[in-house]
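Take 35 as the starting number for the sequence shown in my numbering and just add one per residue.
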Amino acid sequence: MRRILPLLLLAAVFSCGKAIDTQKLSALAAEQCLIMEQSLTDGTMPRYFQGDSLVTAGLGWWCSGFYPGVCWYTYQLGGDPAIRALALRQTGKLLDLDKVSRDHDIGFVMMGSVAKAYEETGDSLYLNVLKDAAGRLAARFNPTVGAIRSWDNPKYTYPVIIDNMMNLELLTYASGLFDVPEWKEIAIKHARTTMKNHFREDYSTFHLVDYNPEDGSVIRRQTVQGYADDSAWSRGQAWGLYGYTMMYRETGEEDFLHQAQSIAEFLLPLSRERAVPAWDYNAPAESIGQDDASAAAVMASALFDLAALAPSPASLTYRLRAEFILEELCKDKYLCKPGECAGFLLKHSTGNYPGGSEVDVPLTYADYYFMEALCHYAALQAE
Ligand code: GLY
Numbered sequence: 035m036r037r038i039l040p041l042l043l044l045a046a047v048f049s050c051g052k053a054i055d056t057q058k059l060s061a062l063a064a065e066q067c068l069i070m071e072q073s074l075t076d077g078t079m080p081r082y083f084q085g086d087s088l089v090t091a092g093l094g095w096w097c098s099g100f101y102p103g104v105c106w107y108t109y110q111l112g113g114d115p116a117i118r119a120l121a122l123r124q125t126g127k128l129l130d131l132d133k134v135s136r137d138h139d140i141g142f143v144m145m146g147s148v149a150k151a152y153e154e155t156g157d158s159l160y161l162n163v164l165k166d167a168a169g170r171l172a173a174r175f176n177p178t179v180g181a182i183r184s185w186d187n188p189k190y191t192y193p194v195i196i197d198n199m200m201n202l203e204l205l206t207y208a209s210g211l212f213d214v215p216e217w218k219e220i221a222i223k224h225a226r227t228t229m230k231n232h233f234r235e236d237y238s239t240f241h242l243v244d245y246n247p248e249d250g251s252v253i254r255r256q257t258v259q260g261y262a263d264d265s266a267w268s269r270g271q272a273w274g275l276y277g278y279t280m281m282y283r284e285t286g287e288e289d290f291l292h293q294a295q296s297i298a299e300f301l302l303p304l305s306r307e308r309a310v311p312a313w314d315y316n317a318p319a320e321s322i323g324q325d326d327a328s329a330a331a332v333m334a335s336a337l338f339d340l341a342a343l344a345p346s347p348a349s350l351t352y353r354l355r356a357e358f359i360l361e362e363l364c365k366d367k368y369l370c371k372p373g374e375c376a377g378f379l380l381k382h383s384t385g386n387y388p389g390g391s392e393v394d395v396p397l398t399y400a401d402y403y404f405m406e407a408l409c410h411y412a413a414l415q416a417e
């Protein structure tokens with residue numbers, strides 16, 4: 035069983051004088067995680083912070099795995115047993131799938147929390163939940179479409195959003211764990227269908243593709259959280275980059291590496307100009323100043339991962355850009371101070387600009403991918 039190795043002691047040796055001070059960030063994350071727990075009940079998880087209030091969500095919200103995941107990454111970074119116990123407590127809230135499983139996002143929920151608890155403890159309690167969760171996700175696959183249905187929202191016929199790429203990791207992970215090749219095949223098929231229908235010539239992606247489940251044809255391509263149907267919603271681009279990088283790591287299929295590198299080619303010039311993007315790369319003048327730190331955090335983590343998988347010299351470019359983005363997120367503008375933000379870590383994310391919700395706020399998934407990127411960074415420093 036692979037145990038989580040505390041990275042901090044190794045990384046601390048290398049962190050002195052760097053813009054990214056892993057030791058200080060580890061201490062901040064531990065303090066914030068403990069503050070956050072005080073505002074939660076057995077049935078709630080953090081969602082965002084606005085004004086001076088924490089807004090929580092029930093366990094069925096797609097983000098319920100991220101706070102346990104922040105605790106797990108904080109433990110990975112610092113090795114504090116009190117944070118390990120906290121991560122186990124928070125993960126324990128997610129073991130009843132009837133309360134947490136609503137749609138495709140069961141992948142996000144499980145990989146941030148229960149999969150990490152299983153990797154750390156080897157406890158079969160978590161194993162059973164993961165098997166059930168993967169089965170539920172696989173059951174959303176329609177072979178005629180060649181994709182998993184994201185939502186059951188009656189506004190659409192068979193909606194598949196780019197975010198769905200992230201949930202495939204539950205299938206590839208569980209496929210290996212339980213020796214069910216079909217789950218990995220579903221993940222590969224979904225990724226290929228998405229590659230064919232979601233992407234434009236420049237490798238930017240649409241947010242949502244609605245399919246006809248009778249024949250698999252595309253009914254409509256549109257946005258939900260972006261500026262326009264043909265714009266590049268920033269977090270969606272980051273989900274795509276992360277998703278294809280992860281699928282290459284999980285399957286070794288070369289077309290996924292090619293896809294991830296092509297998406298990176300679209301994003302790298304944009305991120306050189308502005309490390310933390312606007313909420314949409316095509317945002318109009320009146321909202322161009324509105325950052326999405328969550329998109330930056332997802333992109334930084336994905337680029338660290340891609341750097342470990344891609345050949346030179348691209349590999350070094352990805353790593354340097356990931357560090358550049360992470361350094362930006364560690365500046366006072368973005369990083370909450372100890373005791374601030376009700377226990378969140380990063381300011382200035384945008385959940386749904388057109389919906390007028392979660393605009394310019396700390397968000398739980400921004401913190402999760404920030405901590406994941408930081409763990410990648412610390413591991414590289416320790417090499
Ligand atoms: N649906 C996930 C997101 O808002 O990025």
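The C-beta atom is built at its ideal place from N, Cα and C for all residues, glycine as well.
Being a predicted model, the structure only gives us computed values, none of them experimental.
Residue of the options minimising C-alpha distance to residue i
i	options	result
Val89	Tyr245, Gly377, Tyr107, Met199	Gly377
Tyr237	Glu287, Asn176, Glu299	Glu299
Ala344	Tyr315, Thr279, Asp326	Thr279
Asp86	Arg170, Thr351, Cys375	Cys375
Cys370	Pro177, Ala221, His382	His382
Met70	Tyr101, Val393, Ser209	Tyr101
Asp213	Glu154, Ala342, Lys165, Val395	Lys165
Val420	Gly169, Ala149, Ile220	It is not possible to answer for residue 420, since the shown part of the chain is limited to 35 through 417.
Ser158	Leu129, Val134, Pro177	Leu129
Arg81	Cys97, Lys127, Tyr315, Gln66	Cys97
Thr155	Phe175, Thr125, Asn176, Glu417	Thr125
Asp314	Thr239, Asn176, Ser346, Lys365	Thr239
CB of residue i within 8 Å of CB of residue j, strictly
i	j	result
Thr191	Asp263	no
Pro151	Tyr160	Strictly speaking, residue 151 in this sequence is Ala, with Pro absent from that position. Against a cut-off of 8 Å, the Cβ pair of Tyr160 and Ala151 comes out as a contact.
Ser328	Ala400	yes
Leu202	Gly141	yes
Val163	Gly99	no
Ile297	Ala334	no
Ile322	Ala312	yes
Ile222	Glu287	yes
Ala446	Thr228	Look at the range of the chain in this structure, 35 to 417, and you will see that residue 446 is not part of it.
Asp139	Ala64	no
Leu62	Pro372	yes
Gly277	His241	no
Ala342	Ala356	no
CA-to-CA distance, residue j to residue i, given in whole angstroms
i	j	result
Leu291	Tyr282	5 Å
Thr257	Ser184	14 Å
Gly51	Leu354	Its pLDDT being 44, under 50, Gly51 is placed unreliably by the model, and the measurement read from it follows with that caveat. Near 17 Å, if we compare the C-alpha coordinates of Leu354 and Gly51.
Arg123	Ala412	25 Å
Ala272	Leu111	24 Å
Glu362	Gly250	42 Å
His232	Asp289	15 Å
Met200	Gly146	11 Å
Glu235	Ala172	30 Å
Thr206	Ala53	36 Å
Ala116	Gln72	14 Å
Leu379	Pro396	7 Å
Ala208	Leu414	27 Å
Leu275	Asn198	12 Å
Pro247	Lys189	15 Å
Leu350	Thr384	29 Å
Val148	Leu131	11 Å
Lys367	Tyr261	25 Å
Tyr387	Gln259	6 Å
Asp325	Asp137	28 Å
Leu301	Cys409	22 Å
Thr398	Gly390	18 Å
Tyr352	Leu304	13 Å
Residue span of the alpha helix (DSSP H) that contains residue i, given as start and end
i	result
Ile140	140-146
Gly169	158-172
Gly277	268-285
Ala334	327-343
Glu392	No alpha helix (DSSP H) contains Glu392, which is instead part of the beta strand (DSSP E) from 391-395.
Thr125	115-125
Gln295	288-307
Val134	131-134
Asn187	Premise fails: Asn187 is in no alpha helix (DSSP H) and is neither H nor E.
Ala64	56-71
Asn198	198-212
Rounded distance between the beta-carbons of residue j and residue i, thought under 8 Å
i	j	result
Ala407	Ala331	6 Å
Trp106	Ala121	5 Å
Gly92	Thr108	Contact doesn't hold; Cβ gap of about 24 Å is too wide.
Val134	Gly94	6 Å
Boundaries of the beta strand (DSSP E) in which residue i is found, first to last residue
i	result
Val243	242-245
Asn386	383-386
Arg81	78-84
Arg234	Arg234 -> no beta strand (DSSP E), and no H or E assigned at all.
Leu88	87-92
Val104	Premise fails: Val104 lies in the alpha helix (DSSP H), 100-112, not in any beta strand (DSSP E).
Pro193	193-195
Arg255	252-256
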